[in-house]
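Peer 1: Numbering (UniProt numbering), first residue to last: 1 to 187.
Quick one: structure below, then a few questions.
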């Protein structure tokens, strides 16, 4: 019986050693699994942090896009408004230049009505433009537009006037003025 117990004791001792080895191996595996688990937890936390950072960045980008869209819309509205105002300014400039031309015409007509007094021959002793004295050689000529008296050189132009059927003598000043008015009315 002693042998039986001795054999059993040896068998149990071997079984204990085997179980101790298995336990030691399992403890090593457990430590390894714990390390792996810890590493996975750290990786998971890193991924969560990255995800959180990306989510925050996405929110910022969404806000930036919204702000950009608003600014772009405002830019389009301002651009349209600017174009409309430029067009209005061009139209106003055109109206202003036309008004100035009309004012000049009115001033000329008014001046013509006030100043078109037919000067008498004995009232003029010299040419109104060149201020040269009249003589037998330098004769007096009336401008049919303004009524002033000029020498032949300063009144050698002829133009058709509304009050005369044929072209008549006009002074250099009236000639230039009437040609300028005629060219501005035709353009």
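Even for Gly, the Cβ is constructed at its ideal location relative to N, Cα and C.
Looking at the secondary structure, which residues open and close the beta strand (DSSP E) in which residue 158 lies?
Peer 2: As a first step, residue 158 must be located in the chain shown, where it is residue number 158. Element bounds for residue 158: 157-159.
Peer 1: Can you give me the start and stop residues for the beta strand (DSSP E) that residue 139 sits inside?
Peer 2: Your numbering for residue 139 matches position 139 in the chain shown. Where residue 139 is concerned, there is no enclosing beta strand (DSSP E), given that its DSSP letter is neither H nor E.
Peer 1: Roughly how many angstroms separate the alpha carbons of residue 56 and residue 44, rounded to a whole number?
Peer 2: Here residue 56 refers to the residue found at position 56 of the chain shown. Here residue 44 refers to the residue found at position 44 of the chain shown. Those two C-alpha atoms are separated by around 18 Å.
Peer 1: Could you check if residue 24 is buried or exposed, using at least 16 other CB atoms within 10 Å of its CB as the buried criterion?
Peer 2: Position 24 of the chain shown, counting from 1, holds the residue named residue 24. Label assigned to residue 24: exposed.
Peer 1: Alpha carbon to alpha carbon, how far is residue 154 from residue 104?
Peer 2: Position 154 of the chain shown, counted from the first residue, corresponds to residue 154. Position 104 of the chain shown, counted from the first residue, corresponds to residue 104. Whole-angstrom Cα-Cα distance: 24 Å.
Peer 1: Does the segment 121-134 touch the segment 89-105, meaning 3 or more C-beta pairs lie closer than 8 Å?
Peer 2: Cβ pair count under 8 Å is below three, so no.
Peer 1: Which residue or residues does DSSP assign as beta-bridge partners of residue 149?
Peer 2: Numbered from 1 along the chain shown, position 149 holds the residue referred to as residue 149. 142.
Peer 1: CA-CA distance, residue 149 and residue 158?
Peer 2: By one-based count along the chain shown, residue 149 stands at place 149. By one-based count along the chain shown, residue 158 stands at place 158. Distance between the alpha carbons of residue 149 and residue 158 is about 15 Å.
Peer 1: Using 8 Å as the threshold, is the segment 157-177 in touch with the segment 132-140, meaning 3 or more CB pairs across them?
Peer 2: Counting Cβ pairs under 8 Å, fewer than three are found: no touch.
Peer 1: Are the CB atoms of residue 169 and residue 151 nearer to each other than 8 Å?
Peer 2: As a working note, residue 169 is residue 169 in the chain shown. As a working note, residue 151 is residue 151 in the chain shown. No. Outside cutoff.
Peer 1: State the Cα-Cα distance for the pair residue 42 and residue 52, rounded to the nearest angstrom.
Peer 2: As a working note, residue 42 is residue 42 in the chain shown. As a working note, residue 52 is residue 52 in the chain shown. C-alpha separation (whole angstroms): 15 Å.
Peer 1: In its own chain, which residues sit with a C-beta less than 7 Å from the C-beta of residue 12, not counting the 5 before and 5 after it?
Peer 2: Residue 12 sits at position 12 when you count from the first residue of the chain shown. Within the same chain, residue 12 has no close Cβ partners at all.
Peer 1: Taking the alpha-carbon positions, what's the residue 39 to residue 4 distance?
Peer 2: The count along the chain shown starts at 1 and reaches residue 39 at position 39. The count along the chain shown starts at 1 and reaches residue 4 at position 4. Distance between the alpha carbons of residue 39 and residue 4: 51 Å.
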